[in-house]
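A short write-up of the structure that comes next.
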């Protein structure tokens, strides 16, 4: 599918200076073929289904050929969300509780810290994990922590990921506290590259991307769980593609890091890379989770023994991660939400990752 520089129809018309990068990123997420039915109007429609919901979602892509409207079939499992972490989507006219800073839509809770970042001192041995929200960042954080801590499983099982990976722009513990943490620091952020200190590329940076359609779905469920968005999925999609949600625009966020992916201190990885199995059209397709973990360890200049690798594969499997309260936060919402998990069998538009 050839995409022109107006990536989404319906009002966002996000313009990209480097169109080839845009196409490459899109193709990376759309590598699996889908069967489509061409109607005379030039629209493609695939029925969409969500667990316990029948939501007709519209994600529009402008193409040089006709304009297609994709009604994508998806299923998405329940998730656990922690209320105090991301109140991103509390809209008033779809823009309330968010603010704009240097062309980026940000949650209001970031205002104090983001203005101080110009004076934030980056250290060469810092390790950064960066992503757009709802890209399953905690999964990568857990892998990075274990590799960098020489497989400290005891700490991983007893200390919250929020205390092991400090959230840069969040009010707590705050930038002042982060500056006092001894090296090596492990830092998480959802801020785009242009808002981060220039010296960040002297540290180790791991950027996590995820299929944008799944990102939209996950963000929608997240905001509904927090009761910060009370409209339907169509309304949320429109807000997303019109850059009226926290940390938008998504394309700019991903492409900034995609363009520097060849930097020796930058590792660009996708959530899909780490899934053990991808189910496509009812068939389980093995995925190279082991290879992805080795890639991360090599990037961090850490050697893994076969025993270490097997421990990582076991501890960081989707089944174990969704039951790990230090990552999943299911304890926060109470017993009635125990079936939910922040990291689970990921449900995707074109395939299912496990």
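Numbering (the UniProt record's numbering), first residue to last: 1 to 354.
Yeah, the Cβ is synthetic: ideal placement off N, Cα and C, and Gly gets one too.
Note that the structure is a prediction, hence the values are computed from the model and not measured.
Query: C-beta atoms of residue 252 and residue 188 nearer than 8 Å; Result: no
Query: Opening and closing residue of the alpha helix (DSSP H) in which residue 239 lies; Result: 233-241
Query: Backbone CA spacing between residue 234 and residue 210 [nearest angstrom]; Result: 20 Å
Query: 8 Å CB neighbourhood of residue 299 in its chain, flanking five on each side removed; Result: 204, 206 and 267
Query: Same chain only: Cβ atoms within 8 Å of residue 143, ignoring 5 sequence neighbours per side; Result: 274, 293, 296, 312 and 316
Query: Nearest-angstrom Cα separation, counted from residue 183 out to residue 355; Result: Given a span of 1 to 354 for the chain in the structure shown, any question on residue 355 remains unanswerable.
Query: Three-state class that DSSP yields for residue 293 in the structure shown; Result: helix
Query: Proximity of residue 116 and residue 195 at Cβ, strictly below 8 Å; Result: no
Query: Which residues DSSP lists as bridging residue 128, in chain order; Result: 187 and 205
Query: Separation of residue 176 from residue 246, as counted between CA atoms; Result: 24 Å
Query: Outcome for residue 154 when other beta-carbon atoms lying within 10 angstroms are tallied against a minimum of 16; Result: exposed
Query: Residue 192 versus 309, 259, 145 and 238, residue with shortest Cα-Cα distance; Result: 259
Query: Distance, residue 132 Cα to residue 271 Cα; Result: 11 Å
Query: Close Cβ partners of residue 125 (< 6 Å) along its chain, the five nearest in sequence each way excluded; Result: 183 and 184
Query: Chain-order list of residues whose beta-carbon lies under 8 Å from that of residue 148 (same chain, five-residue window excluded); Result: 127, 184, 186, 300 and 302
Query: Assigned secondary structure, residue 267 (DSSP; H/G/I helix, E/B strand, else coil); Result: strand
Query: First through last residue of the beta strand (DSSP E) which encompasses residue 100; Result: 98-101
Query: CA-to-CA distance, residue 169 to residue 113, given in whole angstroms; Result: 5 Å
Query: DSSP bridge partner residues for residue 166 (one or two, in chain order); Result: 187
Query: Residue 121 and residue 179 closer than 8 Å at C-beta; Result: yes
Query: Test item: CB-CB of residue 240 and residue 265 under 8 Å; Result: no
Query: Nearest-angstrom Cα separation, counted from residue 202 out to residue 263; Result: 10 Å
Query: Residue range of the unbroken alpha helix (DSSP H) whose run includes residue 312; Result: 306-315
Query: For residue 107, three-class secondary structure by DSSP; Result: strand
Query: Cβ neighbours of residue 436 in the same chain (closer than 6 Å, five flanking residues each side left out); Result: Coverage of the chain is limited to positions 1 through 354, which leaves residue 436 absent and any answer about it impossible.
Query: The alpha helix (DSSP H) enclosing residue 323, as first and last residue numbers; Result: That residue, residue 323, is in no alpha helix (DSSP H); it is neither H nor E in DSSP.
Query: Alpha carbon of residue 242 to alpha carbon of residue 309, nearest angstrom; Result: 42 Å
Query: Closest Cα partner of residue 306 within the set 318, 291 and 319; Result: 291
Query: Local Cβ density within 10 Å of residue 158, reported as buried at 16 or more and exposed below that; Result: exposed
Query: Distance between residue 129 and residue 138 (C-alpha atoms, nearest Å); Result: 9 Å
Query: Where residue 155 sits in the DSSP three-state scheme; Result: helix
Query: Rounded distance between the beta-carbons of residue 171 and residue 109, thought under 8 Å; Result: 6 Å
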